[in-house]
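Worksheet: one structure, shown below.
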Amino acid sequence: MSEEIILSVQGISKTFGGLKALADVGFDITRGEVYGIIGPNGSGKTTLINCITGFIKPNSGRVLFKEKDITGWQPHKIAHIGISRTFQIMRPYYSLPAYKNLIVPLWSPRAKTTGGWRGGGKHGDRDTVAVDILEEIGFERDSRVPYKLASTLPTGYQKRLELARCMAMRPEIIFCDEVFSGLSMSEIAGMLPLIEKMKSEGITLIMIEHRLRELFRVADRVMALNFGEKIAEGESSVVIENKKVKEAYLGSEEV
Amino acid sequence: METMRKERIDRGVRVRASGLYAISSWREMLYLMGPPLALIIGVILLPVILELAPYWKRVINIMCVYALLALSFDFLANYVGLVCLGGAFFVGVGGYLSAIFNVYLHFPVYLSIPLATICGAFICTFLLMPCLPLRGVYFAIVTLMYPLLATRVIEALDILGGTNGITGLDSLPNEYVEHYAIILMTLFFLYAMRRFVNQDVGLVIRGVKDNDQAVKASGISVTKMKAFAVCIAAFMGCFGGAYMSHMYMWSGLSMFALDFSIIPMASVVIGGGGTLLGAIIGSFILVPLSEVLRNFGTFRIVIYCALLTGFIVFKSEGIMVYAMRKYHQFERWVKV
Chain U
1 MSEEIILSVQ GISKTFGGLK ALADVGFDIT RGEVYGIIGP NGSGKTTLIN CITGFIKPNS
61 GRVLFKEKDI TGWQPHKIAH IGISRTFQIM RPYYSLPAYK NLIVPLWSPR AKTTGGWRGG
121 GKHGDRDTVA VDILEEIGFE RDSRVPYKLA STLPTGYQKR LELARCMAMR PEIIFCDEVF
181 SGLSMSEIAG MLPLIEKMKS EGITLIMIEH RLRELFRVAD RVMALNFGEK IAEGESSVVI
241 ENKKVKEAYL GSEEV
Chain F
1001 METMRKERID RGVRVRASGL YAISSWREML YLMGPPLALI IGVILLPVIL ELAPYWKRVI
1061 NIMCVYALLA LSFDFLANYV GLVCLGGAFF VGVGGYLSAI FNVYLHFPVY LSIPLATICG
1121 AFICTFLLMP CLPLRGVYFA IVTLMYPLLA TRVIEALDIL GGTNGITGLD SLPNEYVEHY
1181 AIILMTLFFL YAMRRFVNQD VGLVIRGVKD NDQAVKASGI SVTKMKAFAV CIAAFMGCFG
1241 GAYMSHMYMW SGLSMFALDF SIIPMASVVI GGGGTLLGAI IGSFILVPLS EVLRNFGTFR
1301 IVIYCALLTG FIVFKSEGIM VYAMRKYHQF ERWVKV
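Each protein sequence line maps, in turn, to chains U and F.
Position 31 of the first sequence, counting from 1, maps to 31 under the numbering used here, and the rest follow consecutively.
With positions in the second sequence counted from 1, the corresponding number in the numbering used here is that position plus 1000.
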């Protein structure tokens, strides 16, 4: 397996007023791995993703994608070069049916170049591709689910829809912001093979997660954040035994 | 005690008229085609019918100009998420440009109106570009400022005829050209917009309203999409302005009057937001109404306000949404 470093994050810092949200966080990710980011609430996980994907500008530090500096780029440009993300708070395009939600990414300039939308120019084509992608992601094609209004879908399907929106871009990296949260055990069981499948397709996945048990089943490496600082990194079994990580989650013994 | 609940059910004819079965009988076809045909034929015949009441013929044109503005307001507010009170700005820019092309550069009418429309759309978009990242009420405030700003600039610098405006524009060839130019354009824009919002590009623009973050994450520049949408809206407004300046053969400061921003908004409230057709129906009611109320002098504002308040409080969904529901569905009381 090639050890190409696809994303390199170096010394990201971000403060909101006086609050230090991120302090000198850095990590490297090789192509095709599943990388988990864990940490208690408010430890800066989502801020980190926002900094990398351009929704927030970091105060300092650099983000290198395939050795190209993309720090401070506009979000749509970062998405265009192949870094996709889901949102923790799902907000699909409520007024549209589920499959029409995918028209937006399929219409984007990236989809035209990556073949997510194979073109042809006919109006119906994107619709067909959209249903294909939804089927890949676990919407039953012959049921009515892909044609229901996005607002009426159950949470599990809305989460899948978020992933489908990313997949439609044919990205190289997907940041998953808590895709398991709010799902039942059976819904998670349905999502895990999906993650495995994306991994086997060579997509690099970076997952923020609170559901540690499920995360550790798929993640190759894990990083732990606490109060905006990186406190541990490595194999999941090692990280979870780390004293600092235990303290972050459970509190320290001496009070 | 029995409790009752109101239930809404689709009419049988609506179900039968969906899909290919629509052509199964005349009744189904009439159900589908009747209302749009009635509207189109009704509006087209309006100038002929109003031969009986010549005073009202002039009102048709104004009505259609307001309808275009309402259409552009409805599109921006309910499909793009920008509450744009810049209707007066669009009209003013279109009107003045048309006057410049016609009076100063001596272009004929059939060139000056299209040119003013296209150039106006681009100028308006360009000038509104800095406010595009704003959302909701902030965008509304800034767009409301633009027409006020434009009048002050023209007044202060005494350019473009100053407070007198530019006079001596060519009129449209004859009365019927005058009526049908605006009527056909209104119908054209109505059906073009209805198609547009369901095209793939239209869906992307609607996506900006629902969730602009996801649109950004999909690799599409939100600012570009908003600019595109504003350009379309400005196109309609500028056409209205250019047409009106030729109708009055004059273009002046009242082209930037606040009426052009406010009445379209009121029309959309009355007609039903997000239906596009409702915007047109709204202005077809409000504009003649304000003509009728002219007899009451300044008191008309009071009646106007009472009416609007009544609509917002009691039928906030708007005429069009209400009518569509009554047309497609029936209600009945059922036991819970």
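Beta carbons: idealized from backbone N, C-alpha and C, even for Gly.
Please read these numbers as outputs of a predicted model, since none were measured by experiment.
Item: Are the CB atoms of Ala98 of chain U and Leu161 of chain U within a distance shorter than 8 Å?; Value: yes
Item: Counting C-beta neighbours from all protein chains within 10 Å, is the total for Lys230 of chain U 16 or more, i.e. buried, or is it exposed?; Value: buried
Item: Would you say Lys1216 of chain F reaches chain U, if we count a Cβ-Cβ gap shorter than 8 Å as a contact?; Value: yes
Item: Excluding the five sequence neighbours on either side, which residues of its own chain have a C-beta within less than 6 Å of the C-beta of Cys1084 of chain F, listed in chain order?; Value: Leu1076, Thr1143
Item: To test your reading of the DSSP string, which unbroken alpha helix (DSSP H) runs of 4 or more residues are found completely within the segment 149-207 of chain U?; Value: 155-167, 185-200
Item: Go through its chain and collect everything with a Cβ distance to Leu1308 of chain F's Cβ below 6 Å, but skip five positions before and after it.; Value: Ala1266
Item: Is the closest heavy atom of the ligand FAD to the C-beta of Trp1026 of chain F under 7 Å?; Value: No copy of the ligand FAD appears in this structure; indeed no ligand is present at all.
Item: Count the other C-beta atoms from every protein chain shown that fall within 10 angstroms of the C-beta of Pro105 of chain U, then say buried if there are 16 or more, exposed otherwise.; Value: buried
Item: Are Gly1092 of chain F and Pro1147 of chain F close, meaning C-beta to C-beta below 8 Å?; Value: yes
Item: Check the DSSP bridge columns for Gln10 of chain U and list the partner residues they point to.; Value: U:Arg62
Item: Nearest to Thr204 of chain U by alpha carbon, out of U:Phe175, U:Ser43, U:Arg213?; Value: U:Phe175
Item: Quick one: which chain U residues come within Cβ less than 7 Å of Ser1221 of chain F?; Value: His76
Item: Let's test the definition: count the other Cβ atoms within 10 Å of the Cβ of Ser43 of chain U and tell me whether it reaches 16, buried, or not, exposed.; Value: buried
Item: So with Cβ pairs under 8 Å, would you call Ile12 of chain U a contact of chain F?; Value: no
Item: Applying a beta-carbon distance threshold of less than 9 Å, which residues of chain F neighbour Ile103 of chain U?; Value: Asp1200, Leu1203, Val1204, Gly1207
Item: List the residues of chain F whose Cβ lies closer than 7 Å to the Cβ of Pro109 of chain U, in chain order.; Value: Gly1219
Item: Could you work out which residues of chain F lie near Lys100 of chain U, taking near to mean beta carbons separated by less than 8 Å?; Value: Leu1203
Item: On the three-state DSSP scale, how would you describe Met1004 of chain F?; Value: strand
Item: Could you work out which residues of chain F lie near Phe87 of chain U, taking near to mean beta carbons separated by less than 9 Å?; Value: Asn1211, Gln1213, Ala1214, Ala1217
Item: Determine whether the Cβ of Met198 of chain U lies closer than 8 Å to any Cβ atom of chain F.; Value: no
Item: With distances taken Cα to Cα, identify the nearest neighbour of Gly182 of chain U among U:Ile195, U:Ala164, U:Gln158, U:Pro193.; Value: U:Gln158
Item: Could you have a look at Tyr93 of chain U and say whether DSSP puts it in helix, strand or coil?; Value: coil
Item: If Gly1240 of chain F sits next to Val1065 of chain F, beta carbons under 8 Å apart, how far is it from one beta carbon to the other, in whole angstroms?; Value: 4 Å
Item: State the Cα-Cα distance for the pair Glu172 of chain U and Pro75 of chain U, rounded to the nearest angstrom.; Value: 15 Å
Item: Looking only at DSSP bridge pairs, what is Thr1151 of chain F linked to?; Value: Answer by DSSP bridge pairing: none, since Thr1151 of chain F is not bridged.
Item: Determine, for Met169 of chain U, whether the minimum Cβ-Cβ distance to residues of chain F falls below 8 Å.; Value: yes
Item: Check whether the segment 1197-1207 of chain F and the segment 1020-1032 of chain F are in contact - that is, three or more C-beta pairs closer than 8 Å.; Value: no
Item: With the cut-off set at 8 Å, would you say Val34 of chain U and Asp177 of chain U are in Cβ contact?; Value: no
Item: Would you list the residues sitting across from Leu1253 of chain F in a DSSP beta bridge?; Value: Paired residue(s): none; Leu1253 of chain F is not in a bridge.
Item: What is the rounded straight-line gap between the Cα of Ala150 of chain U and the Cα of Met191 of chain U?; Value: 19 Å
Item: With a threshold of 16 other CB atoms inside 10 Å of the CB of Met1185 of chain F, please say whether the residue is buried or exposed.; Value: buried
Item: Give a yes or no on whether the C-beta atoms belonging to Met1247 of chain F and Leu1071 of chain F are separated by under 8 Å.; Value: no
Item: Flag Ser184 of chain U as yes if its beta-carbon sits less than 8 Å from any beta-carbon of chain F, otherwise no.; Value: no
Item: Once DSSP output is grouped into helix, strand and coil, what is the label at Gly1095 of chain F?; Value: helix
Item: Tell me whether the beta-carbon of Gly32 of chain U lies closer than 8 Å to the beta-carbon of Gly234 of chain U.; Value: no
Item: Going straight from the alpha carbon of Val1222 of chain F to that of Thr47 of chain U, what length do you get?; Value: 21 Å
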